[in-house]
Amino acid sequence: MSPTADARTRPELRVDRIACTGHGICATLLEGRVRLDPQGYPVVDEPRVPRDVGDLAVRMCPARALYWSDRP
Amino acid sequence: MTGTVDDLVGLLDTAGLTGRGGAAFSTAVKVRAAHDHGAHLLVNACDGEVGAVKDAHVVAHHLDELVRGAVLVTGGRRQRSVRFAAHRGSDTALALHRAGLDVLDVPDRYVSSEETALISLAGGGLARPMTKRRPFVTGGRDQAGRRVPATVVLNAETVWRVAQVAERGPAWFRSFGTAAEPGPRLVALTGAVDRPGVLDTEAGVPLADLLDAARPAHGWEHAVVGGLGGVLLTADEARGLHWTGADLARFGGSVGPGVVDVLDPARCPLGTVTSFLLYAAGETAGQCGPCMFGVPSVAEAWRRLVETPSRQGVDEVRAAAGLLPGRGACRFPDGVGRFAASALRVLEPHLAAHASGTCPTRRSTHRVPHR
Numbered sequence: 048m049s050p051t052a053d054a055r056t057r058p059e060l061r062v063d064r065i066a067c068t069g070h071g072i073c074a075t076l077l078e079g080r081v082r083l084d085p086q087g088y089p090v091v092d093e094p095r096v097p098r099d100v101g102d103l104a105v106r107m108c109p110a111r112a113l114y115w116s117d118r119p
Numbered sequence: 066m067t068g069t070v071d072d073l074v075g076l077l078d079t080a081g082l083t084g085r086g087g088a089a090f091s092t093a094v095k096v097r098a099a100h101d102h103g104a105h106l107l108v109n110a111c112d113g114e115v116g117a118v119k120d121a122h123v124v125a126h127h128l129d130e131l132v133r134g135a136v137l138v139t140g141g142r143r144q145r146s147v148r149f150a151a152h153r154g155s156d157t158a159l160a161l162h163r164a165g166l167d168v169l170d171v172p173d174r175y176v177s178s179e180e181t182a183l184i185s186l187a188g189g190g191l192a193r194p195m196t197k198r199r200p201f202v203t204g205g206r207d208q209a210g211r212r213v214p215a216t217v218v219l220n221a222e223t224v225w226r227v228a229q230v231a232e233r234g235p236a237w238f239r240s241f242g243t244a245a246e247p248g249p250r251l252v253a254l255t256g257a258v259d260r261p262g263v264l265d266t267e268a269g270v271p272l273a274d275l276l277d278a279a280r281p282a283h284g285w286e287h288a289v290v291g292g293l294g295g296v297l298l299t300a301d302e303a304r305g306l307h308w309t310g311a312d313l314a315r316f317g318g319s320v321g322p323g324v325v326d327v328l329d330p331a332r333c334p335l336g337t338v339t340s341f342l343l344y345a346a347g348e349t350a351g352q353c354g355p356c357m358f359g360v361p362s363v364a365e366a367w368r369r370l371v372e373t374p375s376r377q378g379v380d381e382v383r384a385a386a387g388l389l390p391g392r393g394a395c396r397f398p399d400g401v402g403r404f405a406a407s408a409l410r411v412l413e414p415h416l417a418a419h420a421s422g423t424c425p426t427r428r429s430t431h432r433v434p435h436r
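Written out as structure tokens, the structure is:
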């Protein structure tokens, strides 16, 4: 698969905003892609994150609020 | 009026009917998915947007067609229930109850009539939005992990239009509107107008014609198109555009749920926007952090800006509003962010006047006494 096709088809990392309680671990693990707002909730600047580090963030989220989605 | 769901989906697809609740998604696609998953139907007649009255209009004047449309969507299958959602105690809820329909009584809160909030309420939960990890038309799970049956939510006007398309045909439907936005559609005119009400009109008409029909107050300066999830426009902007998604998109807006609210020209528009935003701050469901803290902080930043207009104050509102889009389970924060950004754009001259100590509204009302 070419890099461009991969970027288009790869699922995005999403935040279940109701489940999220602002622990901020995602912003630490995904520095440069996820930052925290003034109240400590994540702002996802780049949802197309590499699979391995994304999976780690999904596993480490204490609120189980991160998930992969390929919905538009 | 008989026929298969395939026939109905074909007709809807040819007609190009899209959801009239605001999202403008293909009704054919939704009806197809609802059929494939045996989804229950919720007809949303809540008029959830600020100033919206068209669902009430459909129930009051086209109830027979509305019910026929609902039966068509479910294919008349008993195992696929049909419920009509309306705000508890409203005339619309009363009319639906009187007609012997299965009514979902919805608390009168802004987000309680949002699609996933209705699905939650229908399943015995609270009328609060749920995260849509996948569309609920395929079934899903609520926040506590309980199974949610496959459910499709369609706006009342949309369901009424389904019956019209089935009974009068796609060609009739397409004889209204534009190629991009076909069909007749309702628009509510409200606020500082002599003749408030609902117009059965179509995309492409000059907004000035709709406004003239409602007779806005003399000297009106601003209107909100789309309520709390919409945009503020100057009178010149509003009068210069056609009722199309493309024209409204130039100002960051959309035809949305079809609400045009003319603001009272005798009242400072900064104060009117403050009222909108303070109302919004009290309507967050308090579930998503970016919304429960973000929406009140936009309202608070706006209130500070109006008290002491400054460049820095403008930046603070812009920054707070800019944090809202795409960060809630539902689109409520997106709408508030859009509304606040439009208010900043449109009211910049008004803010500048306040900064130099005068309010243009008061000045003009002093010069020209209000009748």
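Chains as they are written, first to last, in my numbering: chain A, 48 to 119; chain B, 66 to 436. The C-beta atom is built at its ideal place from N, Cα and C for all residues, glycine as well.
From the DSSP output, which residues share a beta bridge with residue i?
| i | result |
| --- | --- |
| A:Tyr-114 | A:Arg-61 |
| B:Thr-223 | Answer by DSSP bridge pairing: none, since B:Thr-223 is not bridged. |
| B:Phe-149 | B:Val-108 and B:Val-168 |
| B:Ala-253 | B:Val-263 and B:Val-324 |
| B:Val-213 | B:Gly-205 |
| B:Val-258 | B:Pro-281 |
| B:Pro-247 | B:Gly-242 |
Please state the DSSP three-state secondary structure of residue i.
| i | result |
| --- | --- |
| A:Cys-108 | coil |
| B:Thr-373 | coil |
| A:Asp-99 | helix |
| B:Arg-383 | helix |
| A:Leu-83 | strand |
| B:Gly-205 | strand |
| B:Gly-378 | helix |
| A:Asp-119 | The question names Asp, but residue 119 of chain A is Pro in the sequence shown. DSSP places A:Pro-119 in coil when its eight states are reduced to three. |
| B:Arg-368 | helix |
| B:Glu-179 | coil |
| B:Thr-430 | With a pLDDT of 47 at B:Thr-430, under the threshold of 50, the modelled position of this residue cannot be trusted; read the value that follows with caution. Here B:Thr-430 sits in helix by DSSP. |
| A:Ala-66 | coil |
| B:Pro-200 | coil |
| B:Pro-425 | helix |
| A:Pro-94 | coil |
Hey, is residue i's beta-carbon within less than 8 angstroms of any beta-carbon in chain A?
| i | result |
| --- | --- |
| B:Pro-355 | yes |
| B:Ala-364 | no |
| B:Arg-239 | no |
| B:Gln-352 | yes |
| B:Phe-358 | yes |
| B:Thr-67 | In this prediction, B:Thr-67 scores a pLDDT of 47, lower than 50, which makes its location untrustworthy; no coordinate-derived value is stated. |
| B:Gly-393 | yes |
| B:Thr-196 | yes |
| B:Gln-377 | no |
| B:Leu-191 | no |
| B:Arg-444 | Given that chain B is displayed from residue 66 to residue 436, the structure contains no residue 444 of chain B and the question cannot be resolved. |
| B:Leu-370 | no |
| B:Leu-186 | no |
| B:Gln-144 | no |
| B:Leu-275 | no |
| B:Leu-388 | yes |
For the alpha helix (DSSP H) holding residue i, just list the boundary residues, first then last.
| i | result |
| --- | --- |
| B:Phe-341 | 334-348 |
| B:Thr-216 | B:Thr-216 -> not in any alpha helix (DSSP H); beta strand (DSSP E) instead, spanning 216-220. |
| B:Val-136 | 128-139 |
| B:Pro-355 | 354-357 |
| B:Leu-191 | Careful: B:Leu-191 lies outside any alpha helix (DSSP H) and carries neither H nor E. |
| A:Thr-75 | 72-76 |
| B:Phe-238 | 235-239 |
| B:Arg-143 | Note, B:Arg-143: premise wrong, no alpha helix (DSSP H); not H, not E. |
| B:Thr-157 | 156-163 |
Using a Cβ-Cβ distance cut-off of 8 angstroms, determine whether residue i contacts chain B.
| i | result |
| --- | --- |
| A:Asp-99 | no |
| A:Cys-73 | no |
| A:Val-90 | yes |
| A:Gly-79 | no |
| A:Asp-102 | no |
| A:Ala-66 | yes |
| A:Arg-118 | yes |
| A:Pro-50 | For A:Pro-50, the pLDDT reaches just 46, beneath the cut-off of 50, and the residue's location in the model is therefore unreliable, leaving the point undetermined. |
| A:Arg-57 | no |
Since residue i is in the beta strand (DSSP E), which residue starts that stretch and which ends it?
| i | result |
| --- | --- |
| A:Pro-89 | 89-91 |
For a minimum of 3 consecutive residues, which ranges assigned as the beta strand (DSSP E) are wholly contained in the segment 268-346 of chain B?
Listed in chain order, the beta strand (DSSP E) elements of length 3 or more contained wholly in the segment 268-346 of chain B are 287-290, 296-299 and 324-327.
3-residue-minimum beta strand (DSSP E) runs that sit fully inside the segment 71-130 of chain B, ordered along the chain:
Unbroken beta strand (DSSP E) runs of no fewer than 3 residues, entirely contained in the segment 71-130 of chain B, are found at 105-109, following chain order.
Residue ranges of each alpha helix (DSSP H) run of no fewer than 4 residues wholly in the segment 386-422 of chain B, ordered along the chain?
You should have 397-411 and 413-420.
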